[in-house]
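J.:
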Amino acid sequence: MKIIDAHQHYWHYNQSEYDWIDDSMKVLQQDFLPSHYKEEMKDNNIYGSVVVQARQSDQETKWLLDLADHNEHILGIVGWIDLKSKNLEHQLKEYKTSTKLKGFRHVIHDELDIDFMLDPQFINGLLLLNEYNYTYDLLIKSEHLENTIRLIEQLPKMKLVIDHIAKPNIKKKEWDTWAIYLKKISNDYPHVYCKISGIVTEADWYNWKEEELIEYIKYVIDIFGPSRVMFGTDWPVCQVASKVNKIIELCNKTIYKNNHKIQYKLFNYNASLFYSL
1 MKIIDAHQHY WHYNQSEYDW IDDSMKVLQQ DFLPSHYKEE MKDNNIYGSV
51 VVQARQSDQE TKWLLDLADH NEHILGIVGW IDLKSKNLEH QLKEYKTSTK
101 LKGFRHVIHD ELDIDFMLDP QFINGLLLLN EYNYTYDLLI KSEHLENTIR
151 LIEQLPKMKL VIDHIAKPNI KKKEWDTWAI YLKKISNDYP HVYCKISGIV
201 TEADWYNWKE EELIEYIKYV IDIFGPSRVM FGTDWPVCQV ASKVNKIIEL
251 CNKTIYKNNH KIQYKLFNYN ASLFYSL
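Counting in the UniProt record's numbering, the sequence shown runs from 1 upward without gaps.
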C-alpha cells in the first residue's frame, strides 16, 4: 500500500528563523529538503506528502508553494497566514491560483495567552478561511483542549484537524484530562479529524516503550474512528526520537490483525479526502 504522509516539514536551517530547534535537537540543526526526504519515501513506500509550515511568515508559505511546483511528491501545503491581518481576504484571493495550498496553521501552543485562539479577530479569520474552502491544522497541547472545544463550536462547518493528537506529555504519562477532552471533541464534532503524528517526540526520546505509545495511538483510533484519523511522520522532527519506519510499524501494530481497510484509511484515504489531494 502506498502511504500519504499527512505531516512533514522542510527547511533551510538557520538559528534565527528556527529558534525552536534548540541544542537538545542538534540532529535537526541542518537543512532538510526534498532531496533528503526522497530517501525516506523510497525506504517506506511513501508516494506523496502534505508539507506543513515550520516558520510563521508569509515567506514560508510562498517558499513551500515554490517547492511544491518543482516536486511532484508534494501533494499539498499547509501554510501560515496572519488571521488578524486587514489584508487577509486579499491574500486569500491571491492564493486561490495555488492549487496545492490546502490549508493553514499557527503555532497556538507557543502563544503566552491561553485564550489566543478565542480572540474574535482570530475566529473571524478562520471563518474567512472556511469561505475560501481552506482547512485548518490545530497545533495545540492538552491544556488547550478546553478552549479548543469553545473554538470548534464557532466553526461548525470548517474542516479542522488536531495535530499530534494534541501533544499529551507521554513522558510524564499524562492521560486523564487529555483523554476526556479529546473524547468529547471526537464524539461531539464529526467535522474534526486527528493526526496520529508527533507522538514519539512527546515520549522519552531515548527510552520510550512501544506499548506506551500504542496505548495512545489505539485510544485515538478508537474514539475518532478509522475514518477521521490520518498518519503523519512529522519528519524530520521525529528523528530526535525515532526513525520513520519504526513510526509506521507502531501504527501497524496498533491496528487489530493488520486490518487492511483501516490501514488504507489511516495511511492514505483520509488525508486525501480531508485535504482534497
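We put the CB at the ideal spot given by N, CA and C, even for glycine.
List the whole-angstrom C-beta distance separating Ala-179 from Trp-208, where the pair is believed to meet the contact cut-off of C-beta under 8 Å.
T.: Actually they are not in contact, since the Cβ atoms of Ala-179 and Trp-208 sit about 19 Å apart, beyond 8 Å.
J.: At which residues does the alpha helix (DSSP H) containing Met-41 begin and terminate?
T.: Met-41 -> alpha helix (DSSP H) spans 34-44.
J.: I need the DSSP call for Gly-225, collapsed to helix, strand or coil.
T.: Here Gly-225 sits in coil by DSSP.
J.: Taking the beta strand (DSSP E) that Tyr-193 falls in, what are its first and last residues?
T.: Start and end: 192-196.
J.: Which whole-angstrom value describes the C-beta separation of Tyr-136 and Leu-145, a residue pair presumed to lie in contact below a C-beta threshold of 8 Å?
T.: The pair is not a contact, with the Cβ atoms about 16 Å apart (cut-off 8 Å).
J.: Does the beta-carbon distance from Gly-103 to His-73 come in below 9 Å?
T.: It is not a contact, given that the beta carbons lie outside the stated cut-off.
J.: Is the region 7-17 close to the region 47-61, with three or more CB pairs under 8 Å?
T.: Flag = yes, the region 7-17 and the region 47-61 touch.
J.: How many Å lie between Thr-254 and Ile-214 at the Cα?
T.: Cα-Cα distance, rounded: 6 Å.
J.: Please classify Ile-247: does DSSP put it in a helix, a strand, or coil?
T.: Here Ile-247 sits in helix by DSSP.
J.: How big is the Cα-Cα spacing for Lys-167 and Asn-187?
T.: When rounded, the distance between both Cα atoms is 19 Å.
J.: What runs of the alpha helix (DSSP H), each 4 residues or longer, lie entirely inside the region 130-195?
T.: Segments of the alpha helix (DSSP H) lying fully in the region 130-195: 145-153 and 176-188.
J.: Give the secondary structure of Met-230 by DSSP, where H, G and I count as helix, E and B as strand, and everything else as coil.
T.: Strand.
J.: Closest to Ile-199 by C-alpha separation, out of Ile-185, Leu-92, Asp-234 and Phe-224, would be which residue?
T.: Here the closest residue by C-alpha is Asp-234.
J.: Since Phe-267 is in the alpha helix (DSSP H), which residue starts that stretch and which ends it?
T.: Premise fails: Phe-267 is in no alpha helix (DSSP H) and is neither H nor E.
J.: Report yes if the CB atom of Gln-239 is closer than 9 Å to the CB atom of Leu-28, and no otherwise.
T.: Yes; because the gap between Cβ atoms is below 9 Å, this pair is in contact.
J.: So, do the region 32-44 and the region 90-107 have three or more beta carbon pairs nearer to each other than 8 Å?
T.: No: fewer than three Cβ pairs fall under 8 Å.
J.: So, Ile-81 versus Leu-92, is the Cβ gap smaller than 9 Å?
T.: Yes. Within cutoff.
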